[in-house]
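*Asks:* Got a structure for you, questions after.
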Amino acid sequence: RPKVTVGPFGVDTNWFKPGPEGQALAARKAFGIPPDDIVITIAGRLDPQKDHLTFLKAARIINNHLAISRFLIVGSEKGDFSGRKNNYLKEIKRYLNSHSHLAQKVSFTGFIEDMRPVYWASDVFVSTSSSIAESFGLALAEAASCALPIVSTKTVSQQLIVKNALTGFLTPPKRPDLLAERILTLAKNPNLRRIFGQNGRKHITG
Numbered sequence: 002r003p004k005v006t007v008g009p010f011g012v013d014t015n016w017f018k019p020g021p022e023g024q025a026l027a028a029r030k031a032f033g034i035p036p037d038d039i040v041i042t043i044a045g046r047l048d049p050q051k052d053h054l055t056f057l058k059a060a061r062i063i064n065n066h067l068a069i070s071r072f073l074i075v076g077s078e079k080g081d082f083s084g085r086k087n088n089y090l091k092e093i094k095r096y097l098n099s100h101s102h103l104a105q106k107v108s109f110t111g112f113i114e115d116m117r118p119v120y121w122a123s124d125v126f127v128s129t130s131s132s133i134a135e136s137f138g139l140a141l142a143e144a145a146s147c148a149l150p151i152v153s154t155k156t157v158s159q160q161l162i163v164k165n166a167l168t169g170f171l172t173p174p175k176r177p178d179l180l181a182e183r184i185l186t187l188a189k190n191p192n193l194r195r196i197f198g199q200n201g202r203k204h205i206t207g
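For the sequence shown, our numbering begins at 2 and goes up steadily by one.
Below, the structure written as structure tokens:
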């Protein structure tokens, strides 16, 4: 009987790889980020399924415990078919407007074609998708290929990329408290970030 094998998207690991220190610093400068800040990044279309509000609620907790934290939101509303387009971005802005101290630490980049500078500028990469049917997280695979540790919600597809307590951490959806706890663990431990990042790249390169 014929057998069917399902393979995930491929990632060019010669393209998505750790950047030299000079490129990382240049990327931070381009995004207006101080060189010593801890940069926590989420990337994906601005769609309710991606649950940026959970990311921001976690960011608020992190910011209260780590003064040098900085949060990067990469993506646009293009591809949002939820019916809440524009309204969802307003929800995000409304949350930030009500937490002005956090708003000063959050940067929106819009859509970026070449994501490598984003990964090079970051210390921790995050996914907060609330959908159990989330498609393969290509950005997660690219980030891991660039040796970034990842904190992600536990969905079927994300577990293919993130190996809990080996390449990053997996958390339940819509739990900003647990998300913040795991991110802070990495943010405060550069050696653990390095180990998880190296493990992540090994996992992607096979």
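Cβ coordinates follow ideal geometry from the N, Cα and C atoms, glycine included.
May I ask you to list the residues that DSSP assigns as paired with residue 111?
*Replies:* As a first step, residue 111 is located in the sequence shown; it is residue number 110 there, counting from the start. Beta-bridge pairing links residue 111 to 75.
*Asks:* Mapping DSSP to helix, strand and coil, what is residue 70?
*Replies:* To locate residue 70, count along the sequence shown from 1; it is residue 69. Looking at residue 70 - three-state DSSP - the assignment turns out to be strand.
*Asks:* By DSSP, does residue 165 sit in helix, in strand, or in coil?
*Replies:* On the sequence shown, position 164 is the one that residue 165 refers to. In this structure, residue 165 counts as strand in the three-state DSSP scheme.
*Asks:* Would the segment 117 to 126 and the segment 38 to 58 be scored as touching if the rule is three or more Cβ pairs under 8 Å?
*Replies:* yes
*Asks:* Do you know how far the Cα of residue 207 is from the Cα of residue 62?
*Replies:* On the sequence shown, residue 62 is found 61 positions in, with the first residue counted as 1. On the sequence shown, residue 207 is found 206 positions in, with the first residue counted as 1. Looking at the two C-alpha atoms, the distance is approximately 35 Å.
*Asks:* Out of 109, 186, 147, 185, point me to the one whose CA is closest to residue 1's CA.
*Replies:* Only positions 2 to 207 of the chain appear in this structure, which leaves residue 1 out of reach.
*Asks:* Please confirm if residue 4 has its CB atom under 8 Å from at least one CB of chain C.
*Replies:* Of the protein chains in the structure, only one exists, and it is not chain C.
*Asks:* For the structure I just gave you, are there three or more beta carbon pairs, one from the segment 98 to 111 and one from the segment 148 to 167, closer than 8 Å?
*Replies:* no
*Asks:* Buried or exposed for residue 15, please, with buried defined as at least 16 other CB atoms from any protein chain shown within 10 angstroms of its CB.
*Replies:* Counting from 1 along the sequence shown, the entry for residue 15 is found at position 14. The residue in question, residue 15, is exposed, as its Cβ has fewer than 16 Cβ neighbours within 10 Å.
*Asks:* Figure out for me which residue from 185, 183, 201 has the closest Cα to the Cα of residue 142.
*Replies:* Residue numbering aside, residue 142 sits at position 141 when the sequence shown is read from its first letter. If we check each option's Cα against that of residue 142, 201 comes out closest.
*Asks:* Just the C-alpha distance for residue 89 and residue 191, rounded to the nearest angstrom, thanks.
*Replies:* Taking the sequence shown and counting its residues from 1, one reaches residue 89 at position 88. Taking the sequence shown and counting its residues from 1, one reaches residue 191 at position 190. Approximately 34 Å between the Cα atoms of the pair.
*Asks:* Only counting the same chain, and skipping five residues up and downstream in sequence, which positions put a Cβ closer than 6 Å to that of residue 20?
*Replies:* Start at 1 with the first residue of the sequence shown, and residue 20 comes out as number 19. Only 121 meet the Cβ criterion.
*Asks:* Using three-state DSSP, classify residue 171 as helix, strand or coil.
*Replies:* Residue mapping note: residue 171 aligns to position 170 of the sequence shown, counting from 1. Three-state DSSP puts residue 171 in a strand.
*Asks:* How about residue 70 and residue 188: are their beta carbons less than 8 Å apart?
*Replies:* For the purposes of this step, residue 70 is taken as the residue at position 69 of the sequence shown. For the purposes of this step, residue 188 is taken as the residue at position 187 of the sequence shown. Yes, they are a contact pair.
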